[in-house]
Amino acid sequence: MEIMPPRKAAMKPDELQRLLDKNDLNQSTGAERLGVNRRTVIRWLQGTTPIRPASAALIRNTLGK
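Residue numbers (numbering that gives the first Met the number 0): 0 to 64.
Dropping the structure here:
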């Protein structure tokens, strides 16, 4: 079995935080707006879970650039 290297994040946590702040959203309201669980937003912000390209596109399209 081949071990795959970890995927690279398409967005860094600080960019997500900046977009949340720009839209005056906290983790809960940001999650609601994005249609994801609050825990997902927390993991993204902590860097525990990388923000993949599809999620980054959703975030940028929903919250702006």
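Just so it is clear, CB atoms sit at the ideal spot from N, CA and C, and this is done for glycine as well. These numbers come from a predicted model, not from an experiment.
So, for residue i: in the same chain, excluding its five sequence neighbours on each side, which residues have a beta-carbon less than 6 angstroms away from its beta-carbon?
{"i": "T48", "result": "R42"}
{"i": "S27", "result": "R37"}
Taking all protein chains shown into account, decide if residue i is buried (16 or more other Cβ within 10 angstroms of its Cβ) or exposed.
{"i": "A30", "result": "buried"}
{"i": "S54", "result": "buried"}
In terms of DSSP beta bridges, what is residue i paired with?
{"i": "I58", "result": "Looking at the DSSP assignment, I58 forms no beta bridge with any residue, so it has no partner."}
{"i": "I41", "result": "DSSP output for I41 lists no bridge partner at all."}
Am I right that residue i and residue j are in contact with their C-beta atoms under 8 angstroms? What's the rounded C-beta distance?
{"i": "L18", "j": "L62", "result": "4 angstroms"}
According to the Cβ coordinates, are residue i and residue j closer than 8 angstroms?
{"i": "G46", "j": "P12", "result": "yes"}
Residues in its own chain within less than 8 angstroms of residue i by CB, not counting five upstream and five downstream?
{"i": "N25", "result": "L19"}
Just to confirm my understanding: we take residue i, look at its own chain, exclude 5 residues before and 5 after, and list those with CB closer than 7 angstroms. What are they?
{"i": "Q16", "result": "L44"}
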